[in-house]
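Peer 1:
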Amino acid sequence: MLYLLLALPMISGLLCCFTKARNAELINILGSLLTGITAIYCCLTPFMTGTAQKLNSHKIYKLLILDELSAILVFIIGVVGTTCCLYGVTYLRQERSHGAIAEKRVGLFFGLLHFFVATMYLAVLADNLGVMWVAIEGTTIVSALLVAFYGNKSALEAAWKYLIICTVGIAFAMLGIILTFYAARGVLGSDEISLSWQQLYLVADQLDPSLMKLAFIFILVGYGTKAGLFPLHTWLPDAHSQAPSPVSALLSGVLLNCAIYAIIRFHLLTTLAVGEGFSNQLLIIFGLLSMVAALPFILVQKDIKRLLAYSSVEHVGIIILGVGLGGALGYTGAILHLINHALGKSVLFLSAGTLAQRYKSKLIPKIHGIGQWLPVTSAIFMASLLAIGGLPPFGLFFSELTIASQGFQVKGTLVGFVFLMVIAVVFSGLIYFGGKMYFSDPGACPPKKERFSASHVLLLLPLGLLLLQGIYMPHAIQQLINQVVKFMLLGGMPSV
Amino acid sequence: MVDLFALIFLVASLFMLAGRSIINTIILLTVQALALCLIAFYLGLSSQETNWHMVIVGGLTLVVKVIILPWVFYKLVYKVNLHREVSLSVGLVSSILIGLLLIGLAYGYIVPVLLKDIPVGGHLISAALAGVLLGCFFMISRRSALSQLIGVVAMENGLFLCGVAVTGGMPLIIELGIFFDILVGALVMALMTYQINDTFETIDTKFLNKLKG
Numbered sequence: 354m355l356y357l358l359l360a361l362p363m364i365s366g367l368l369c370c371f372t373k374a375r376n377a378e379l380i381n382i383l384g385s386l387l388t389g390i391t392a393i394y395c396c397l398t399p400f401m402t403g404t405a406q407k408l409n410s411h412k413i414y415k416l417l418i419l420d421e422l423s424a425i426l427v428f429i430i431g432v433v434g435t436t437c438c439l440y441g442v443t444y445l446r447q448e449r450s451h452g453a454i455a456e457k458r459v460g461l462f463f464g465l466l467h468f469f470v471a472t473m474y475l476a477v478l479a480d481n482l483g484v485m486w487v488a489i490e491g492t493t494i495v496s497a498l499l500v501a502f503y504g505n506k507s508a509l510e511a512a513w514k515y516l517i518i519c520t521v522g523i524a525f526a527m528l529g530i531i532l533t534f535y536a537a538r539g540v541l542g543s544d545e546i547s548l549s550w551q552q553l554y555l556v557a558d559q560l561d562p563s564l565m566k567l568a569f570i571f572i573l574v575g576y577g578t579k580a581g582l583f584p585l586h587t588w589l590p591d592a593h594s595q596a597p598s599p600v601s602a603l604l605s606g607v608l609l610n611c612a613i614y615a616i617i618r619f620h621l622l623t624t625l626a627v628g629e630g631f632s633n634q635l636l637i638i639f640g641l642l643s644m645v646a647a648l649p650f651i652l653v654q655k656d657i658k659r660l661l662a663y664s665s666v667e668h669v670g671i672i673i674l675g676v677g678l679g680g681a682l683g684y685t686g687a688i689l690h691l692i693n694h695a696l697g698k699s700v701l702f703l704s705a706g707t708l709a710q711r712y713k714s715k716l717i718p719k720i721h722g723i724g725q726w727l728p729v730t731s732a733i734f735m736a737s738l739l740a741i742g743g744l745p746p747f748g749l750f751f752s753e754l755t756i757a758s759q760g761f762q763v764k765g766t767l768v769g770f771v772f773l774m775v776i777a778v779v780f781s782g783l784i785y786f787g788g789k790m791y792f793s794d795p796g797a798c799p800p801k802k803e804r805f806s807a808s809h810v811l812l813l814l815p816l817g818l819l820l821l822q823g824i825y826m827p828h829a830i831q832q833l834i835n836q837v838v839k840f841m842l843l844g845g846m847p848s849v
Numbered sequence: 272m273v274d275l276f277a278l279i280f281l282v283a284s285l286f287m288l289a290g291r292s293i294i295n296t297i298i299l300l301t302v303q304a305l306a307l308c309l310i311a312f313y314l315g316l317s318s319q320e321t322n323w324h325m326v327i328v329g330g331l332t333l334v335v336k337v338i339i340l341p342w343v344f345y346k347l348v349y350k351v352n353l354h355r356e357v358s359l360s361v362g363l364v365s366s367i368l369i370g371l372l373l374i375g376l377a378y379g380y381i382v383p384v385l386l387k388d389i390p391v392g393g394h395l396i397s398a399a400l401a402g403v404l405l406g407c408f409f410m411i412s413r414r415s416a417l418s419q420l421i422g423v424v425a426m427e428n429g430l431f432l433c434g435v436a437v438t439g440g441m442p443l444i445i446e447l448g449i450f451f452d453i454l455v456g457a458l459v460m461a462l463m464t465y466q467i468n469d470t471f472e473t474i475d476t477k478f479l480n481k482l483k484g
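Note that the protein sequences, when read in sequence, are chains A and B. Quick note on my numbering: the first sequence kicks off at 354 and runs consecutively. Quick note on my numbering: the second sequence kicks off at 272 and runs consecutively.
#1: Would you check if there are 3 or more beta carbon pairs closer than 8 Å linking the segment 432-439 of chain A to the segment 493-508 of chain A?
#2: For residue 783(A), I'd like the list of residues in its chain whose CB is within less than 6 Å of its CB, leaving aside the five on either flank, ordered along the chain.
#3: Identify each residue in the segment 447-470 of chain B for which the Cβ-Cβ distance to at least one residue of chain A is less than 7 Å, and report them in chain order.
#4: Quick check: the Cα distance between residue 487(A) and residue 810(A), rounded to an integer number of angstroms?
#5: Counting pairs of Cβ atoms below 8 Å between the segment 655-668 of chain A and the segment 557-574 of chain A, do you hit three or more?
#6: Are residue 769(A) and residue 761(A) closer than 7 Å when you measure CB to CB?
#7: Quick one, which residues of the segment 559-577 of chain A are near chain B if we go by CB-CB under 9 Å, in chain order?
#8: Would you say residue 535(A) reaches chain B, if we count a Cβ-Cβ gap shorter than 7 Å as a contact?
#9: Could one say the Cβ of residue 550(A) lies closer than 7 Å to chain B's Cβ atoms, at least one of them?
#10: Could you tell me which chain A residues have their CB closer than 9 Å to the CB of residue 481(B), listed as they occur along the chain?
#11: Return yes when the Cβ of residue 490(A) is within less than 7 Å of the Cβ of residue 442(B), no when it is not.
#12: For residue 477(A) versus residue 549(A), is the C-beta distance shorter than 7 Å?
#13: Could you list which residues in chain B have their beta carbon closer than 9 Å to that of residue 401(A), in chain order?
#14: I want to verify the contact list: residues of chain A whose CB lies under 9 Å from the CB of residue 442(B), in sequence order.
#15: Does DSSP put residue 479(A) in a helix, a strand or coil?
#16: Along the chain, which unbroken stretches of the alpha helix (DSSP H) at least 4 residues long are found entirely within the segment 692-716 of chain A?
#17: How big is the Cα-Cα spacing for residue 410(A) and residue 772(A)?
#18: In angstroms, rounded to a whole number, what distance separates the CA positions of residue 831(A) and residue 480(A)?
#19: Is there at least one Cβ from chain B nearer than 7 Å to residue 433(A)'s Cβ?
#20: Output, in sequence order along the chain, the residues in the segment 290-302 of chain B whose CB is closer than 8 Å to any CB in chain A.
#21: At least one CB of chain B closer than 7 Å to the CB of residue 638(A): is that the case?
#22: Give a yes or no on whether the minimum CB-CB distance between residue 834(A) and chain B is below 7 Å.
#23: How many angstroms separate the CA atom of residue 405(A) from the CA atom of residue 687(A)?
#24: Which residues, in chain order, does the segment 404-417 of chain B contribute to contact with chain A at a C-beta distance below 8 Å?
#25: What residues from the segment 586-606 of chain A come within 7 Å of chain E, judged by C-beta to C-beta, listed N to C?
#26: Using the Cβ count rule (16 or more neighbours within 10 Å means buried), how would you classify residue 849(A)?
#27: Relative to the C-alpha of residue 675(A), which candidate in 616(A), 709(A) and 650(A) has its C-alpha closest?
#28: Excluding the five sequence neighbours on either side, which residues of its own chain have a C-beta within less than 6 Å of the C-beta of residue 408(A), listed in chain order?
#29: Give me the chain B residues within the contact set of residue 627(A), using Cβ-Cβ distance strictly less than 7 Å, ordered along the chain.
#30: Since residue 426(B) meets chain A, which of its residues come closer than 8 Å, beta carbon to beta carbon?
#31: Mind pulling the chain B residues with CB within less than 7 Å of residue 498(A)?
#32: Along chain A, which residues have their Cβ under 9 Å away from the Cβ of residue 375(B)?
#33: With DSSP run on the structure shown, which of helix, strand or coil describes residue 298(A)?
#34: Helix, strand or coil: how does DSSP classify residue 525(B) here?
#35: Check the Cβ-Cβ distances between residue 513(A) and every residue of chain B, and say whether any is below 7 Å.
#36: Please report whether the beta-carbon of residue 354(A) lies at a distance below 7 Å from any beta-carbon of chain B.
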């Protein structure tokens, strides 16, 4: 089943590359729906069968594995990936009518989009640090091509910086993996089994602590670059703002999460090997730094997509902080926030993309009176903006609150206070920009009223999930989240 | 014997910092990769039993890093008409001095202090880490897209040697994955360099400065 999940997007990607625009659209729709359904089915299995795969016994090694934590990521890629691929159809039709993208490159776009999704599935499913590294490097290569898709000066600049910074960054993660391999070799032998997450968790207490500390630092630098943690986030706003909107949504909603997933895994391993107090301190520091550093850029931003990109830096900081704080509350908050941010931010990027397309500009002052011009899209845009800001009926409010309460409990007032202040200021900033775009004079009278269409339904789906989560969390889902948190608290052991 | 090849590797990395001609840099990169390939073959064939893992890895290095990549870069130089010399952001003399400093850092601090738990045989690890650092600095000190691409490959060479030095080579499937990544990655970067040259009419990265804030 897991191999099918990888094969489906690969096959549809290949088919898209070699067909005409019209067929490529069809293949894209079919392929992404099938992939999405398979993903949802797959991510429910570890919960259905109770204790995921029973890998407590030693020396069982499979290339792909699905446990509680990766199931969450598969769910996110499934939902967000499918939404973005489907929305891409409408987006690309618009671009073609403007003449921004040539007819014959449409197939290539969908093909790359599917390859991108496939590499991300591989990154979260691989039960091997090395394969995961290869997959994450693969996501960089494919998505850089997508970022450069418009082929104009700024797109090329953004793609080049993205490619270079992330490739160099991730090279450092490789050093961390080499050190881990060295530490594990004495215990597990020199086959690829000694880089298996499942096996490493079982023997973590026999690994050399000082080597693991060093390895964690390298891993944090490497995957932190990819996740957009503070001093290494510089590629992120460029790439997110220049990419076609469905790609920005995927970058922000899913790709960052894959890198965070890698950090979380390694954090669990390091905590088992070294004990509390090392890796979580580092995560808390870098999480808070990212939040605070993103703040000034959000407040003075003029470009709508850069605004959203910096907001992603802030949210990555929140998630990393939640993981660093740890405990049942911290982990619950981080996992919920991971899901919520992916859902909310992808809708936000997609609807902002439509706005920018309509106004032919990404500058906030030029996008005015969206309430009258595009009533449906702008309503969705505003709702998701409020959701990302953390307004109560949406799920993000609760995940942020959970992390904040853990912060107050574990680290005292200062961390909790800074956390809440940053969120409050960012919220006011977002509302200011949103209000400026929504409640302003549209200039001329709108020519034609926007109709409610299928692509809007597509955007309402993730938004509905967010809303539902804030108002009423079904017991079954709570159970699932609890199971994931228990898995993390036990340090990557299947909960029994 | 291995130490000799490691020395060649290190000297090639250092000399890359010394010149401005892009063709010379490509030749030095090839020498560097050749040294890696010889190390892998030597380790594979010198012991009583042939270590096939190392032989395969050495063969891959030969094909990918000694033949394909330099050939692609060489083609690229002619396609983008890069006969002028590369512009630098750090002067030649100071970049060699910094290069020596980085080598000293690898030999004098990182390996004996930070990595003291790893029993070092010869100076392979130090040379490998110095290679990574020099590749990284090479990227910073040159302001041309192609030089940055070469720097990435040089860093990757250092990492590869690091893997060999510390663990005697990563598991084969991962090694294959890394080779695939570096090949595809370098091709994509070469393609993008070509596009940048088409659009900007130069590959000097100082013109890539429009996106800020």
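The beta-carbon is built from N, C-alpha and C at its ideal position, and this holds for glycine as well.
Peer 2: Reading it off the structure:
#1: no
#2: 738 and 742
#3: 448, 449, 452, 455, 456, 459, 460, 463, 466, 467 and 470
#4: 36 Å
#5: no
#6: Yes, they are a contact pair.
#7: 561, 563, 564 and 567
#8: yes
#9: With 7 Å as the cut-off, residue 550(A) does not count as an interface residue toward chain B.
#10: 506, 507 and 510
#11: no
#12: no
#13: Result: empty, since nearest Cβ-Cβ is about 30 Å, beyond 9 Å.
#14: Neighbours of residue 442(B) in chain A, taken as residues whose beta carbon is under 9 Å from its own, are 481, 483, 534, 543, 544, 545, 546, 547 and 548 in chain order.
#15: strand
#16: none
#17: Confidence at residue 410(A) is low in this model, with a pLDDT of 49, below 50, so the placement of that residue is unreliable and no value is reported for it.
#18: Between the alpha carbons of residue 831(A) and residue 480(A) lies a gap of roughly 26 Å.
#19: Answer no: the Cβ-Cβ gap between residue 433(A) and chain B never drops below 7 Å.
#20: Of all residues in the segment 290-302 of chain B, none has a Cβ within less than 8 Å of some Cβ in chain A.
#21: no
#22: no
#23: The predicted model places residue 405(A) with a pLDDT of 47, which falls under 50 and marks its position as unreliable; any figure quoted below should be read in that light. Their backbone Cα atoms lie some 21 Å apart in a straight line.
#24: 407, 410 and 416
#25: Chain labels in this structure do not include chain E; the protein chains are A and B.
#26: Legend: pLDDT at residue 849(A) = 42, less than 50; position of this residue unreliable, no value from coordinates given.
#27: 616(A)
#28: In this prediction, residue 408(A) scores a pLDDT of 49, lower than 50, which makes its location untrustworthy; the coordinate-derived value is nonetheless stated afterwards. Cβ neighbours of residue 408(A) beyond the five flanking positions: 551.
#29: Those within 7 Å of residue 627(A) in chain B number zero; the least Cβ separation is about 14 Å.
#30: 521 and 524
#31: 459
#32: Simply none; closest approach about 19 Å.
#33: Residue 298(A) falls outside the range modelled here, since chain A spans only 354 to 849, and no answer is possible.
#34: Shown here, chain B extends from 272 to 484; a query on residue 525(B) therefore has no answer.
#35: yes
#36: no
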